[in-house]
Every structure is written in structure tokens, then in C-alpha cells.
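Participant:
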Amino acid sequence: MKHRLLVFLLISVSTLALPGSALAQDSHDYLTERYDQLHYSEKQAYYKELAPMSVGAVYLPRPGEGEEELRWHFRTMKELGFTSTKQLFPPNGMTFEEAALIALEEGISPWWYGEAGWAPITPEVLKAAELPANMSIKEAREHPKMKAYQTEVLRKRILRRQELVKATGQHEPDPIPHPNTGGVGHKLPDEIKPVFLDWVRKQYGSIDSLNYAYNMHHVLLAPGGRPFTSWADFNERWEQIPNKEYRHLRDIFRFKADMRLKWTQENKIDRHNAFDPVPPYRAGGEMGMFLPFSWRGVDMEGIAELMTPNGSLYPSIHLAWHFDEVQHEITRPVYMQAALTNDYFKGGWSATWESTGGPQQFSGGKGGNGFTVDEGIITQLMLTYLAAGYKGFGLWSWSMRTAGWEAGEYALLDRHNKVTEKAIRAGAIGKAAQKYRDEVWQGHKEPFVGVYTDWENEAYWAAMSIQGRDIFKQLPIDARTGVSRALINHNVPYEYVTPSDLRKGLAGRYRVIYLPFVIAIDPEIIGILTEYVENGGRVVIDMPSAWYDENGALLYSDKGTPFEKLFGVTINDYQYAGINMDYRLEGQPLHGFTLDMTPTSAEVVERYHSGDPAITENKLGKGTAVILGFQASMDCFKPGQAAAEERLIRHTLADYQPFYRCEGAIVYRMASPEADHYFLLNDGEAKQVELDFDYKYRNATDAITGESLKLGAPIELECYSGRWLRFEK
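What follows is the structure, encoded as C-alpha cells:
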């Protein structure tokens, strides 16, 4: 679409740029050293120094294509800015290995990982490449001798694979079947039940511990009214536990997730490493991030842990497949999906190794929708990935399927294998990412808000959906989406934070921690949040949170409890607005979960129209803890809820204000030692917006085109597209 309108973006700096290093008014260190250690391994540390930035797309052959056509594809990819094939499907009559050798000859990696699959650049490798042993990795990776040496490393890997395939029919050990755990949900097949029982015994150790966790001392939950007397008794009667007891259902979800993690290690990672442990493995896969993971027996944060010594975490980001749960909205949810993956793997290497390259009309199976993907949308997507923290691209696809399923969809090339504007744009962004790869790898988000996300909380919502409404399992994800939307629309930098992060001391990274729809919360987390508030943090929680403890029993909040100490209220009851009774707040009607509470030490900030407390704030030590006594995050789930978003932001931030501001465009910022990178998205028609900073910069350039930008001067910005701006410190 070459007819795009241009808008003018006015950049202004609240403090004039001065020569020398940038001096920001933000003195917070964001605990970046601790952040970088969360998923530390020698492999991750090496990746950070090497700074790989693979820009890949999937090659799909057409009937009749051979070596000549294959070389044209690879040469064109390289010329545009691509570095790898991401996946390589060989033309008819050619093996993968034969096609891969041709790719190497044309300067394209036949694997998604690019330079990350090189032999690690050690003094020994430098010597073998006839380079000085003290040469830096940054200098060595660009040296022709090193490139030639590493090309030979990859060539030998291909030839070894070729020999194994000829000898055995495969290049890795035999695959291990996935254990039959019954698929999604809580049901277990008979064959896996003995394994589950062994797992349960290892979790609890004693039958008394199990009885307590399984709420056998609570009314109407113990089978036959009798707690278990021994492990033999448990093995005999455990299936009689009613589905109204939630902890054992949580355990089934956890067991399924653990079995999947074990299988991923043994069947995927170990088999990959048996062939060659040097190149990275990638895991995460064909799954949208708006699904109820606990219900599905999936633990993405657990998969990230497996990748720590092994490689890269990724999700699949296909517009037609992975956004059903957000009604096929794209611009903001793509950031949410990418950021959640990155934030599960703080300090590790995440990227989109499976993402959209072109338009879709019929794809998506029984769900999905149709989507335009032109040069503007591909810009939005790729810049969003970088803004979320991704370091690399894998686009499906370079060329398209030519018959049947998904024929004519997804591709960067057109239907006649001609280069398109979107292919040129994707390559240009890839070149910029290569140019600034070190700054991207050294970059960090500087989040004001940590949005709490918890597998355990989602597990209890999923357990509730078995006996109750199916929608329950989706609610915490929708609430997380709602608060994320409000933060994005107000350009408030945020990050997803997990209980594991908090236990590892990351709470102080955030000025505010927001807990949306956390119906089950471990008292240990309440203790961590209390210490965080006492040290100056701000906690905001909305409803219907804090209903259950870590075992699915009522969380008590009466005087003297940890909850009451933190929030300064006791919970009398949870109520519900908009069905048989109206509630209004600030003149606006409410719908959904509400809270009936009695302040003890908290101040009432806002009241319902009835006069009852609706929003409270408790001062504790140097900080504050806020209760939004209604479903504030869920109220922002759907687009267009401006009043609800404004209310959430106002009570979340209080006196805090982000260090950059922009009306009319979405802005994400990545801070790096040498420069700050701003990613601006315009998801509408032409407009003029103003970007204002509290930072000082030496100069500014367009990272993609290299155009110098005069601070304070208007800058062209395409509609329905984006811009990557680099501000040097």
C-alpha cells in the first residue's frame, strides 16, 4: 500500500538536550542487575555478549522450483536484510541438507538461530580462526575470518546430519511419546493415575499434610465425611473427593504441567542436545498467551526455566490463530502476548520464532478472522516485538503455500513470488535490528507498574469452572488484559511480574504492583507485598481478589491478619452489582464483583452512591496499599472504556507520572546505556501527536532509515504503522 497518508509527530523534550551523557530525572535503578540474574546461565550470558539477532522467514517451495530458484530466494532474502530461513522446506527432489548447504553458500543460515548456533567464540576458536586470542566477541563476530570459520562449523553440522539421516533415517534419537494425561481439564486416564498418586505423595510427604492441603477438615469435602488415614486409604478413596474441593483439582493441573515439562526436557531438549548441544533449542510453541494455561496443563514460566541452560523461549503469534479470546484485536494484544513471554523469561532470550508474515483471510481453523498485513502492519508487529523485549524474528512465511490449506496466505512475497513493500519493510527493520543489536540486547524496560500474574491463581479459577461456569477459567486472563490495555492506552510502562519474581526479590523494581482478579493468593506473597509497601511501594488490588488462600480455603481478613495489616480493612462480604441491585461510583454505574469492607486503618478514598467504601488506601511504612472494591481491571477488558481506564490509572498511579508522555499514539521505550529506543505505533488515521520527555538526549535518528531528526521538529509517521526512533544519550 504505497498510498499511505503521512502524519506529523512533534517531538519535544521538556529539558533541552545537552552535550555529553544523558541525565534523566529518573533515579530508579529498576533492579536491572537482579533482573538479569533471574534466568542466568553460562549460555544466556554468552548470548547476551554475542547479541544474536536472527531475522528469519520460512521458505516454502513451489512445484518446479530447483537450485536456481532456491538461490534467487536466498540472495533476495539476504539483500533485503534477512539472515536465516527460520524453517526450510526443500524443493521436490532435494533433501533438507542439500538445500541447507545452498543456503550457507548464499550467506543465509538454514536454521532459525543464526549466529547463536555458531561454535562459542572462545580463545580456542579465535585461534582456530587465525584471530588474536584477546579479540572481543563483538569485533570477532564481524570479522571475515570468523564468518568463514563459523560457516564451516555449520556446514559440518549439516553434513553430520546428512550422514545420520542416510544411516538411520533421522538425525536425533527416537522420539518419546507424550504421556497420556487426558488432555486439557481435570480428567485423568486410568493408565496415568498411579503416576499421579506417586506425584501427590512426593508433594506432601505425610497424609496429615495432604489432609490439610485438601481441606479434609472443612465441612462437606472429605469423602464419606472422613479424612484419609493413610496413603493406602488415599489411594483407595481419592477419586471420591468432590469437584467442589479445589486443591486436588489444582494438583491435577499441576501434575499435567509437570508431566509436560518432563516430556519437553526428555523428548525435545535431550534429543536435540544428543545431536549437538551447541545450537540453542527453542520452546514455547503453538499457543496463544490469552488461553487459560493452568486448565490446559501448561506452565510457560516452567518452560522458560527449561530454556535457561538451553536456548530461547517463544510463543506463536499468528493473527488468525491466537487472538480469539480478545475478539481478534491485534495492536495492543500483540504487545501483551509478546511482553508476557518475555517477562516469564526475565534475563533470558525470548523472541518470536513463529509469527505472521502476510495477510490471512481463511486461516485460523474454526475460529480466527481475516487480517490485513501490509508494510504498515508488519512494521507494527516487528516493532512491537522489539518493544516487548524480543531479540530476533521468525516469520511464517517468506513464500506461500500454493494449494489447499492456507494457500495464498501469510507470505511476504506476493502470489507470483514478487517482492512486496512489506517484504522490503520487514527486511529494513531486520537491518536496523542487526545494526543496533548490542543496544537491543543491553536494553531493559523500565516499568512503572508490575502486573501480577500467577499460574496458581489461574488454577483456582479453572477449578471453579468445573463445578461452576465455564467462563470462570478465562476471567483472570481477561482481567490481566484489561489492566494491560489501560496502561498501554495511557503510555504507562509496565511489566508482568510473577510470584517467583517476587520471591526472588524483584518487587522493588516497580513503583506499583497491580493484582487483577487474584482470587487465590498465598499468604507468603501477602508478606512480601507488605514488606514492599513498608519500603515505599504501592500495591493495588481489585475484586474479586483475596477470596481463597493457597489451598482454596477462605482467606481470612479480620483484625490482626496479614491481609488486614497490609490493606487496613476487613472484608465483610463480596457482593455483585448491576443484576438485582445498582451500584454507582463517581456517577457511573458498576457491573460485576464488588466488595463490602470495613476500614480499620485505611482511608476511604471513594464511596459508592450508597455511602459505603468503594476505594480505600492504607498508609503502611513508607508506602500505600489500595483496594479497588470492584472489578476495575475487567471493566477495561473491551476497547473503548475510556472512563474505566482513566479511573484505574488515576487510582493506580496516584502521584506517580511516567517520564515520557504522548497523546494520540502508543509509545513503548527501551532504555540502553548508549541510547534509548522509542517505538511509536499509530493504529488510526493521520493525526499530529506530541512526545514529551523528562530525559536529556544528544540527538535523535530514525533507526530504520537513518534519517536525522531535529528535536522539536515535525516527523513523518505513517498511519496504521509505526516508527522506531533512537535517542542517543
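Here the sequence shown stands for residues -24 to -1, 1 to 705, numbered as in mature numbering (1 follows the signal peptide of the UniProt record, and there is no 0). Where a beta carbon is used, it is the ideal one built from N, C-alpha and C, also for glycine.
By the DSSP assignment, the beta strand (DSSP E) with Glu639 in it spans what residues?
Facilitator: Looking at the DSSP string, Glu639 is not in any beta strand (DSSP E), and its letter there is neither H nor E.
Participant: How many angstroms separate the CA atom of Glu128 from the CA atom of Leu135?
Facilitator: Their backbone Cα atoms lie some 10 angstroms apart in a straight line.
Participant: Using CA atoms only, rank isn't needed, just tell me which of Val488, Glu73, Gln607 and Phe321 is closest to Leu561.
Facilitator: Selected option, being the one with the closest Cα: Gln607.
Participant: Does DSSP put Pro649 in a helix, in a strand, or in coil?
Facilitator: Residue state, collapsed to three classes: coil.
Participant: For Pro285, which residues of its own chain have a beta-carbon under 7 angstroms away from its beta-carbon, when the five flanking residues on both sides are left out?
Facilitator: Hits under 7 angstroms: Ser17 and Lys19.
Participant: Could you tell me the boundaries of the alpha helix (DSSP H) in which Lys114 lies?
Facilitator: Residues Ile113 to Ala116.
Participant: Considering only their Cβ atoms, is the gap separating Met265 from Thr205 smaller than 8 angstroms?
Facilitator: It is not a contact, given that the beta carbons lie outside the stated cut-off.
Participant: Here's a check: name, in chain order, each residue in its chain whose Cβ is nearer than 8 angstroms to the Cβ of Asn433, leaving out the five neighbours to either side.
Facilitator: For Asn433, where only same-chain residues beyond five positions count, the Cβ hits under 8 angstroms are Pro452, Phe493, Val494, Ile495, Ala496 and Ile497.
Participant: Is Leu530 buried or exposed, if buried means 16 or more other CB atoms sit within 10 Å of its CB?
Facilitator: Classification of Leu530: exposed, given that the 10 Å Cβ count is below 16.
Participant: State the DSSP-derived secondary structure class of Asp227, mapped to helix, strand or coil.
Facilitator: Looking at Asp227 - three-state DSSP - the assignment turns out to be helix.
Participant: For Ala618 and Leu624, I'd like the C-alpha separation in whole angstroms.
Facilitator: The alpha-carbon atoms of Ala618 and Leu624 are separated by roughly 10 angstroms.
Participant: Step through the CB atoms of chain D and report whether any lies within less than 8 angstroms of the CB of Pro256.
Facilitator: Protein chains in the displayed structure number just one, and chain D is not present.
Participant: Could you check the C-alpha separation between Asn658 and Glu221 for me, to the nearest Å?
Facilitator: Looking at the two C-alpha atoms, the distance is approximately 48 angstroms.
Participant: On a Cα-Cα basis, can you pick out the residue from His298, Glu43, Tyr386 and Ser30 that is closest to Lys54?
Facilitator: Selected option, being the one with the closest Cα: Ser30.
Participant: Between the stretch 531 to 544 and the stretch 587 to 594, can you find at least three pairs of beta-carbon atoms closer than 8 angstroms?
Facilitator: As far as the Cβ criterion goes, the stretch 587 to 594 touches the stretch 531 to 544, which means the pair count is three or higher.
Participant: Beta-carbon within less than 7 angstroms of Ala364's beta-carbon, same chain only, minus the 5 sequence neighbours each way: which residues are those?
Facilitator: Correct list, in chain order: Tyr311, Ala314, Ala315 and Asn318.
Participant: With H, G and I counted as helix, E and B as strand and the rest as coil, what does DSSP make of Asn465?
Facilitator: In the structure shown, Asn465 sits in a helix (DSSP, three-state: H, G or I).
Participant: Could you compute how far the alpha carbon of Leu463 sits from the alpha carbon of Glu622?
Facilitator: So the two alpha carbons sit approximately 10 angstroms from each other.
Participant: Please classify Pro649: is it buried, with 16 or more other beta-carbons within 10 angstroms of its beta-carbon, or exposed?
Facilitator: Exposed: under 16 other Cβ atoms inside 10 Å.
Participant: Kindly indicate which three-state DSSP category His49 falls into: helix, strand or coil?
Facilitator: DSSP places His49 in helix when its eight states are reduced to three.
Participant: Provide the residue span of the beta strand (DSSP E) that contains Ile353, from first to last.
Facilitator: Counting along the chain, Ile353 falls outside any beta strand (DSSP E), though it belongs to the alpha helix (DSSP H) covering Glu351 to Ala364.
Participant: Is DSSP giving His420 helix, strand or coil here?
Facilitator: In the structure shown, His420 sits in a strand (DSSP, three-state: E or B).
Participant: Are Ile489 and Tyr436 touching if we call contact CB-CB under 8 angstroms?
Facilitator: No, these two residues do not count as a Cβ contact at 8 angstroms.
Participant: Which of the three DSSP states, helix, strand or coil, is assigned to Asp631?
Facilitator: Coil.
Participant: So the candidates are Thr307, Lys672, Trp271 and His653; which of them puts its Cα closest to the Cα of Lys163?
Facilitator: Taking only the C-alpha atoms, the option nearest Lys163 is Trp271.
Participant: Ordered along the chain, which non-local residues of its own chain (more than five positions away) have a Cβ less than 8 angstroms from that of His119?
Facilitator: If we look at His119 and ignore the five residues flanking it on each side, its Cβ neighbours are Ala105, Leu107 and Met111.
Participant: Of the choices Lys121, Asn219, Arg461 and Pro589, whose alpha-carbon is the least far from that of Val101?
Facilitator: Among Lys121, Asn219, Arg461 and Pro589, the Cα nearest to that of Val101 is on Lys121.
Participant: From this set, Leu282, Asp454, Gly287 and His653, which residue's C-alpha is nearest Glu301's C-alpha?
Facilitator: Here the closest residue by C-alpha is Asp454.
Participant: Alpha carbon to alpha carbon, what distance is there between Arg202 and Asp631?
Facilitator: Using only the alpha carbons, I get a separation of about 54 angstroms.
Participant: Out of Pro423, Lys367, Gly563 and Ala33, which has the shortest C-alpha to C-alpha gap to Arg413?
Facilitator: Ranking Pro423, Lys367, Gly563 and Ala33 by Cα distance to Arg413 puts Lys367 first.
Participant: Given this structure, state the Cα-to-Cα distance separating Leu389 from Pro66, to the nearest angstrom.
Facilitator: Going by the C-alpha atoms only, they are around 17 angstroms apart.
Participant: Near Pro256, what residues of its chain come up, given a Cβ to Cβ distance below 6 angstroms and the 5 sequence neighbours on each side ignored?
Facilitator: Hits under 6 angstroms: Tyr89, Ala92, Gly287 and Ser288.
Participant: Using C-beta distances below 7 angstroms, list every residue in its chain close to Leu207, excluding the 5 sequence neighbours before and after it, in chain order.
Facilitator: It is Trp, not Leu, that sits at residue 207 in the sequence shown. Taken in chain order, the residues that qualify are Arg177 and Ile183.
Participant: In whole angstroms, give me the CA-to-CA distance for Gly161 and Asp252.
Facilitator: In a straight line, the C-alpha of Gly161 is about 36 angstroms away from that of Asp252.
Participant: Using DSSP's beta-bridge definition, name the partner residues of Gln564.
Facilitator: Leu561, per the DSSP bridge assignment.
Participant: For Trp372, which residues does DSSP report across the bridge?
Facilitator: Answer is Thr332, bridged to Trp372.
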